[in-house]
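Colleague: Structure incoming, see below.
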Amino acid sequence: MNYSFDDIELEDLLEWMESGKNIPPKIAEYALMLEKIWGMYRRQFDFPNQEAIINYLVQVDGYKRYEAVKLLKDALTHFSSENSLPKDVWRNLLADKMMKCFTAAVKLAKTPKDFLESVKILAVIKDTLQLDKEDIMEMEEDLMKQVQILTTDIKMFGEEPVSRTELAAFIDGLEDVPEKIKEAAKAEVDQFPLRFLNFDHNPRKS
854 MNYSFDDIEL
864 EDLLEWMESG
874 KNIPPKIAEY
884 ALMLEKIWGM
894 YRRQFDFPNQ
904 EAIINYLVQV
914 DGYKRYEAVK
924 LLKDALTHFS
934 SENSLPKDVW
944 RNLLADKMMK
954 CFTAAVKLAK
964 TPKDFLESVK
974 ILAVIKDTLQ
984 LDKEDIMEME
994 EDLMKQVQIL
1004 TTDIKMFGEE
1014 PVSRTELAAF
1024 IDGLEDVPEK
1034 IKEAAKAEVD
1044 QFPLRFLNFD
1054 HNPRKS
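Taking the working numbering, I'd label the letters of the sequence shown as residues 854 to 1059.
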């Protein structure tokens, strides 16, 4: 028996997904129906357009037309929104549809020219999936964050220390640098020693 989902909105499903609580039976059926409709949407040759999906939901599953339209809209919003699917997933979906077009073109081909034209679809699929490009490893977000190291031992980086007097003289000798900037630079130098990896004692924090 099919549920009537008139009193359920997509936000109800999203709220349950965020809370992680036990899913109510009706919400579970709603989620399964959205997944079913999404599967129908991806079966291009069985359901070539949205109207075919709506007709199926009305004639086979027994929904009223307005219910079928709402369910289809919810399914596409949930699964197809840019927030739900990254670009690489979209590329795979498009490539899947193009592969089906290639299969159909081969079946319908009657001449060598027809076969040649169908093979061109494979080249488009290659470009869509970017198969001619090297895979780029995605680093975890935490690893991409800037690392801050505060230390007085410059030798740990293979560099020789510079005396503060020489550094101050170098700063004073900079041309076209306002005096306020020079004073701020020398003041920061004078705040050393710094404590290694102790952000509570970062002299750059005011």
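Built from N, CA and C at the ideal position, the CB exists for glycine as well.
Would you kindly check if the distance between the Cβ of L946 and the Cβ of L924 is under 8 angstroms?
Modeller: Reading the sequence shown from its first residue, position 71 is the one you call residue 924. Reading the sequence shown from its first residue, position 93 is the one you call residue 946. Cβ distance not < 8 angstroms, so L924 and L946 don't count as in contact.
Colleague: Nearest-angstrom Cα distance between A948 and A976?
Modeller: Here residue 948 is taken as the residue at index 95 of the sequence shown, counted from 1. Here residue 976 is taken as the residue at index 123 of the sequence shown, counted from 1. Approximately 11 angstroms between the Cα atoms of the pair.
Colleague: Kindly indicate the opening and closing residues of the alpha helix (DSSP H) around G892.
Modeller: Here the question's residue 892 lines up with position 39 in the sequence shown. G892 -> alpha helix (DSSP H) spans 878-895.
Colleague: Helix, strand or coil for E935? Go by DSSP, reduced to three states.
Modeller: Reading the sequence shown from its first residue, position 82 is the one you call residue 935. In this predicted model, E935 has a pLDDT of only 45, less than 50, meaning its place in the structure is not dependable enough to derive any value.
Colleague: Which value, in whole angstroms, describes the spacing of the CA atoms of K926 and Y919?
Modeller: Locating residue 926 in the sequence shown gives position 73, counting from the first residue. Locating residue 919 in the sequence shown gives position 66, counting from the first residue. Each residue's alpha carbon lies about 11 angstroms from the other.
Colleague: For N908, does the three-state DSSP call read helix, strand or coil?
Modeller: By one-based count along the sequence shown, residue 908 stands at place 55. Residue state, collapsed to three classes: helix.
Colleague: Hey, how far is the Cα of V922 from the Cα of Q897?
Modeller: What you label residue 922 is simply residue 69 of the sequence shown in a count that begins at 1. What you label residue 897 is simply residue 44 of the sequence shown in a count that begins at 1. Straight-line Cα distance between these residues: approximately 18 angstroms.
Colleague: Suppose you measure from the CA of L1076 to the CA of P1031; what does that come to, to the nearest Å?
Modeller: Outside the displayed span of the chain (854 to 1059) sits residue 1076, for which this structure offers no information.
Colleague: Cα separation between K953 and D899?
Modeller: Residue 953 sits at position 100 when you count from the first residue of the sequence shown. Residue 899 sits at position 46 when you count from the first residue of the sequence shown. Put simply, the backbone Cα of K953 is about 11 angstroms away from that of D899.
Colleague: Is E880 near M893, with beta carbons less than 8 angstroms apart?
Modeller: Taking the sequence shown and counting its residues from 1, the one referred to as residue 880 is at position 27. Taking the sequence shown and counting its residues from 1, the one referred to as residue 893 is at position 40. Checking the sequence, you will find Ile at residue 880 rather than Glu. Against a cut-off of 8 angstroms, the Cβ pair of M893 and I880 comes out as no contact.
Colleague: Is the beta carbon of I1024 sitting closer than 8 angstroms to the one on K1035?
Modeller: Position 171 of the sequence shown, counted from the start, is the residue given in the question as residue 1024. Position 182 of the sequence shown, counted from the start, is the residue given in the question as residue 1035. Against a cut-off of 8 angstroms, the Cβ pair of K1035 and I1024 comes out as a contact.
Colleague: By Cβ distance below 7 angstroms, which residues in the same chain neighbour A1038 in space, the five residues on each side in sequence not counted?
Modeller: Numbered from its first residue, the sequence shown carries residue 1038 at position 185. Excluding sequence neighbours, A1038 sits near I1024.
Colleague: With distance defined between alpha-carbon atoms, name the residue in N908, D914, F932, E904 nearest to L887.
Modeller: As a working note, residue 887 is residue 34 in the sequence shown. Looking at the Cα atoms, F932 is the closest of the given residues.
Colleague: Going by C-alpha to C-alpha distance, which of T964, S971, K966 sits closest to A957?
Modeller: Position 104 of the sequence shown, counted from the start, is the residue given in the question as residue 957. For the residues T964, S971, K966, the minimum Cα distance to A957 belongs to S971.
Colleague: According to DSSP, is A1021 part of a helix, a strand, or is it coil?
Modeller: Within the sequence shown, numbered from 1, the residue matching residue 1021 stands at position 168. Note: A1021 maps to helix in three-state DSSP.
Colleague: Sort D914, R895, N908, D941 by Cα distance to L984 and report the nearest one.
Modeller: What you label residue 984 is simply residue 131 of the sequence shown in a count that begins at 1. Closest option to L984, Cα to Cα, is D941.
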